[in-house]
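Per the numbering used here, the very first residue in the sequence shown carries number 396; after that it's consecutive. In this text, a Cβ means the ideal position worked out from N, Cα and C, and glycines have one as well. All of these numbers come straight from a predicted model, not from anything done at the bench. A short worksheet on the structure shown next.
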Amino acid sequence: MDIKLVSEIIACLPAGRTCFPYYRDRYAALLLPWVVEEGALLSSVKKSRFGSLLSRPSVKSALVHCGDGRFHREHFCAVWEEPHEQFLLTLDRWGGGHRAESQTSRPGHNLVLQVNLNEGYRQLFDRLVAEDLKYWFRSYGHPVMRERANGFHRQTLGWIRIDLDLQTGEAVIEEIQTDWMRDARFAASHSARYRQNRLLEYEQLEQYSRKILERLGGIWDEALLSAALWFLREEIGIKTVWYHTFESGSRLKRIKYRHPPRSLYSRLPRKFCFELSDEHPQFLSTSRAYRRLQRKHELHWFRLNLI
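Following this line, the structure appears as structure tokens:
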């Protein structure tokens, strides 16, 4: 993306405190009104690739109200479950340097959607993690939220890098990543070896890490992708979302070492009903780097069309 477009999007959207609540499987209740036409036969939906969404516990309560056997958005938009997590969404930019270092699909910049933990998690962190042990949860060189001029700051659970084109109405999910969950897993399993004469401090570090894994370990990836789709559709108006496959994404972004978890580029998009496609985002057709790679390799993408 051009840096001007990235900056314009950041400037035009609500700054600072866009809340995004999430509970397990909320993605299903969010997706259904975006992919199924009003009045569609539920029997047909069940047979489609979106049928798996209807089996999620979070949407079964809405099916009770569809007595005529047809899909009605109002029932699914009203779905709510407890307990839920309250996240804070913020925007940033990424890239502009060498494409192999930035890991972008084309030269230029990415828009970054940051999914941040709420104030309660910061208080838990400050209460349990000693000041000189907080480095266990420090991200260096990654697009996490930094402290603002007014002192406002939240810890970033994870981020989504996005490339988009307003003319074609398309977006590419370049990357979904978390440092916070990775650091929590490492601290929970390795902190014991560092305890020595600081037993209490390291026990509390491990306690914090296990709390994070217990609360967020099962939902962080679906929460991040849900936030990205909500943002792209509701705030930007994007209707076609592309997602890298593991193999094609690694080639296109020139990732040779330290590959991301394969499940984030296989299981996760399938869970969200993306379909595998031999086509590609229209705006990449003008990229010489993409055309060169396309001549050498058979490239595949995941695609999701929203209505």
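Quiz item: Going by DSSP, what residues sit across from tryptophan 489 in a beta bridge?
Solution: As a first step, residue 489 is located in the sequence shown; it is residue number 94 there, counting from the start. Asn505, per the DSSP bridge assignment.
Self-check item: Contact with chain D by serine 443, beta-carbon distance below 8 Å
Solution: Checking the listed chains, one finds no chain D in this structure; it contains a single protein chain.
Exercise. Spell out a yes or no on whether the segment 658-671 and the segment 600-608 are touching, meaning 3 or more CB-CB pairs, one atom from each, closer than 8 Å.
Key: Cβ pair count under 8 Å is below three, so no.
Quiz prompt | Nearest-angstrom Cα separation, counted from arginine 605 out to threonine 551 | solution = For the purposes of this step, residue 551 is identified with residue 156 of the sequence shown, where counting begins at 1. For the purposes of this step, residue 605 is identified with residue 210 of the sequence shown, where counting begins at 1. Looking at the two C-alpha atoms, the distance is approximately 17 Å.
Practice problem: Consult DSSP for histidine 639 and reduce its assignment to one of helix, strand or coil. | Solution: Residue 639 sits at position 244 when you count from the first residue of the sequence shown. Here histidine 639 sits in strand by DSSP.
Self-check item: phenylalanine 415 and tryptophan 615 closer than 8 Å at C-beta
Solution: Along the sequence shown, one-based indexing puts residue 415 at 20. Along the sequence shown, one-based indexing puts residue 615 at 220. Result no, Cβ atoms of phenylalanine 415 and tryptophan 615 do not sit closer than 8 Å.
Quiz prompt | Three or more C-beta pairs below 8 Å linking the segment 637-651 and the segment 680-695 | solution = yes
Quiz item: For the beta strand (DSSP E) that valine 567 lies in, which residues bound it at each end?
Solution: Here residue 567 is taken as the residue at index 172 of the sequence shown, counted from 1. 565-572 is the extent of the beta strand (DSSP E) around valine 567.
Quiz prompt | Whether phenylalanine 547 touches asparagine 513 by CB criterion (8 Å) | solution = Residue 547 sits at position 152 when you count from the first residue of the sequence shown. Residue 513 sits at position 118 when you count from the first residue of the sequence shown. Going by C-beta atoms, phenylalanine 547 is not nearer than 8 Å to asparagine 513.
Quiz item: Where do the ends of the alpha helix (DSSP H) carrying glutamate 617 lie?
Solution: Taking the first residue of the sequence shown as position 1, residue 617 is located at position 222. First-last of the alpha helix (DSSP H) with glutamate 617: 615-625.
Self-check item: Cutoff 7 Å; reference leucine 671; Cβ partners in own chain excluding five residues on either side
Solution: Residue mapping note: residue 671 aligns to position 276 of the sequence shown, counting from 1. Hits under 7 Å: His695, Phe697.
Exercise. Quick one: grab the DSSP three-state call for threonine 499.
Key: By 1-based counting over the sequence shown, the position of residue 499 is 104. Correct three-state label for threonine 499: coil.
Exercise. State the Cα-Cα distance for the pair arginine 488 and arginine 465, rounded to the nearest angstrom.
Key: As a working mapping, residue 488 is identified with position 93 in the sequence shown. As a working mapping, residue 465 is identified with position 70 in the sequence shown. Straight-line Cα distance between these residues: approximately 42 Å.
Practice problem: Work out the CA separation of glutamate 596 and valine 454 for me, nearest whole Å. | Solution: On the sequence shown, residue 454 is found 59 positions in, with the first residue counted as 1. On the sequence shown, residue 596 is found 201 positions in, with the first residue counted as 1. Between valine 454 and glutamate 596, the C-alpha separation is close to 43 Å.
Exercise. Compute the distance between the beta-carbons of glycine 492 and glycine 503, then report whether it is under 8 Å.
Key: As a working note, residue 492 is residue 97 in the sequence shown. As a working note, residue 503 is residue 108 in the sequence shown. Contact: no.
Quiz item: Exposed or buried, tyrosine 660, counting other C-beta atoms within 10 Å across all chains shown (16 or more means buried)?
Solution: Taking the first residue of the sequence shown as 1, we reach residue 660 at position 265. So tyrosine 660 counts as buried.
Quiz item: How is aspartate 560 classed by DSSP in three states: helix, strand or coil?
Solution: Position 165 of the sequence shown holds residue 560. DSSP places aspartate 560 in strand when its eight states are reduced to three.
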